[in-house]
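For the numbering used here, count along the sequence shown from 1 and bump the result up by 4. Just so it is clear, CB atoms sit at the ideal spot from N, CA and C, and this is done for glycine as well. All remarks here apply to the structure that follows.
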Amino acid sequence: MKRIAVLTSGGDAPGMNAAIRSSVRRAIYNGVQVFGVYNGYNGLISGNIEELTVGSVGDIIHHGGTMLFTARSDEFRTEEGRAKAVEQLKKHDIEGLIVIGGDGSFRGAQKLTQLGFPTIGVPGTIDNDIPCTDYTIGFDTALNTVVDCIDKIRDTATSHERTYIIEVMGRDAGDIALFAGLAVGAESIIIPEATTGVENVIERLYAGRKRGKKHSIIIVAEGVGTAHQYAEIIKKQTNFDTRVTVLGHIQRGGSPSAFDRILASRLGAAAVDLLLEGKQDRMVGMKNNQIIDVDIDEALADKHEIDMSIFHLARTLSI
Ligand code: F6P
């Protein structure tokens with residue numbers, strides 16, 4: 005394999021640049037030419053493809069976002085769109101593709117492999133919702149952003165003796181809410197993977213007030229509903245001074261944490277190694293601090309599991 009390409013797709017995640025840099029430099033180190041596909045699968049369809057050099061990925065390891073830009077491509081979901089993409093890959097003599105993104109992006113990669121084009125997936129999403137890897141690129145940075153924001157909210161929550169209901173991202177997964185909840189000592193963590201009735205949240209609020217707590221922090225994962233919905237019920241039933249913060253896209257930005265840079269560097273290089281070994285339709289990941297690779301089909305068929313022991317620990321500590 006002498007010419008490969010890399011693209012980022014779906015929601016951006018801090019650390020994607022570090023993964024691009026790693027793939028590009030690992031390939032060049034092995035005498036392979038690398039091309040960047042701009043704007044995700046849309047760029048593959050339109051042929052927005054340019055050669056990347058050692059220098060073109062310089063000074064990006066510490067930047068959030070993705071230098072290749074990203075998109076959620078509707079056209080790539082069509083057969084015609086995918087045919088155009090393969091045509092472009094052939095036109096550029098590209099023999100293998102690295103896709104950095106989440107499960108939607110991997111489904112796209114799967115389709116390319118079915119059309120006979122070798123692809124390797126690198127898990128990059130703040131949601132941490134990809135099975136077969138302990139962490140996805142971007143999750144740690146997003147988590148730290150959330151923790152930093154909630155620590156700030158806590159200051160004002162205490163001063164005003166308020167109850168804050170904070171909504172965090174994660175799509176259908178509760179990882180950001182769960183880990184942030186443990187890290188900030190939230191009173192309740194409401195995630196899709198565990199049924200926490202609002203009655204229980206209110207019970208815990210009263211218990212906290214009874215022992216003299218001045219403020220309360222409740223974290224809601226977007227996958228269960230909105231913070232506003234929960235706040236309305238809580239306010240109605242308790243009459244506590246309640247405020248809502250929706251953290252939103254702030255969670256997706258910022259300089260990647262050291263953990264994400266290291267994970268991205270390891271995974272980006274591993275993806276190139278697999279292509280050079282002649283492998284395809286694989287996803288790289290990290291399990292117990294070891295870099296592994298699995299069949300993309302297997303990863304997509306599996307269900308992402310949350311570590312419920314963390315949920316129970318958080319509940320026992322925030323009494
Ligand atoms: O998958 C990453 C993510 O940030 C999710 O947490 C969130 O639900 C979604 O993307 C938001 O998507 P968009 O940026 O298209 O609004």
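- Contact annotation: Ala181 and Ile238 have beta-carbon atoms that are not nearer than 8 Å.
- According to the DSSP assignment, Phe39 belongs to no alpha helix (DSSP H) but to the beta strand (DSSP E) extending over Gln37 to Val41.
- The ligand F6P has a heavy atom closer than 7 Å to the beta-carbon of Ile130.
- Within its own chain, the residues whose Cβ lies closer than 7 Å to the Cβ of Phe73, once the five positions on either side in sequence are excluded, are Tyr42 and Asn43, listed in chain order.
- As far as DSSP is concerned, Tyr33 takes part in no beta bridge.
- For Asp297, the uninterrupted beta strand (DSSP E) segment begins and ends at Gln294 to Asp299.
- Rounded to whole angstroms, Ile206 and His96 show a C-alpha spacing of 60 Å.
- In terms of side-chain proximity, the C-beta atom of Glu226 is found nearer than 7 Å to a non-hydrogen atom of the ligand F6P.
- Using a cutoff of 7 Å, the CB of His308 does not count as near the ligand F6P, since none of the ligand's heavy atoms is closer than that.
- Placement of the Cβ of His253 at a distance of less than 7 Å from at least one heavy atom of the ligand F6P is found.
- C-alpha of Tyr33 to C-alpha of Leu279: approximately 14 Å in a straight line.
- The alpha-carbon separation between Val172 and His164 amounts to approximately 22 Å.
- In this structure, Ile24 lies near Met71, with their beta-carbon atoms less than 8 Å apart.
- Taking non-hydrogen atoms of the ligand F6P into account, the C-beta of Met20 is found less than 7 Å away from none of them.
- Here the C-alpha atom of Gly272 lies approximately 24 Å from the C-alpha atom of Arg86.
- In the three-state scheme derived from DSSP, where H, G and I count as helix and E and B as strand, Ser13 is classed as coil.
- Counting the other CB atoms within 10 Å of its CB gives Ala262 a total below 16, which places it among the exposed residues.
- Judged by their CB atoms, Thr167 and Ser220 are nearer to each other than the 8 Å cut-off.
- Going by DSSP, Ser109 is part of the alpha helix (DSSP H) stretching over Asp107 to Gln118.
- Between the region 306 to 320 and the region 179 to 193, the count of Cβ pairs shorter than 8 Å is three or higher; the stretches touch.
- Taken in chain order, the unbroken stretches of alpha helix (DSSP H) that lie wholly in the region 147 to 202 and span 4 residues or more are 179 to 188.
- For Phe183, the closest C-alpha among the options Val150, Asp159, Thr160 and Arg175 is that of Val150.
- One alpha carbon belongs to Asn52, the other to Asn132, and they sit about 29 Å apart.
- Under the 10 Å beta carbon count, His308 is surrounded by 16 or more other beta carbons and is classified as buried.
- DSSP places Leu321 in the helix class (H, G or I) of the three-state scheme.
- Along the region 240 to 294, the beta strand (DSSP E) occurs as fully enclosed runs of 3 or more residues at 246 to 250 and 286 to 291, listed in sequence order.
- Using a cutoff of 7 Å, the CB of Arg111 does not count as near the ligand F6P, since none of the ligand's heavy atoms is closer than that.
- Three or more beta-carbon pairs separated by less than 8 Å link the region 8 to 16 to the region 103 to 121, which places the two stretches in contact.
- With a cutoff of 7 Å, Arg7 does not count as near the ligand F6P, since its C-beta is closer than that to no heavy atom of the ligand.
- Of the other Cβ atoms in all chains shown, fewer than 16 fall within 10 Å of the Cβ of Thr199; this residue is therefore exposed.
- Counting C-beta atoms within 10 angstroms of its own C-beta, Val58 has fewer than 16 neighbours from the protein chains shown and is therefore classed as exposed.
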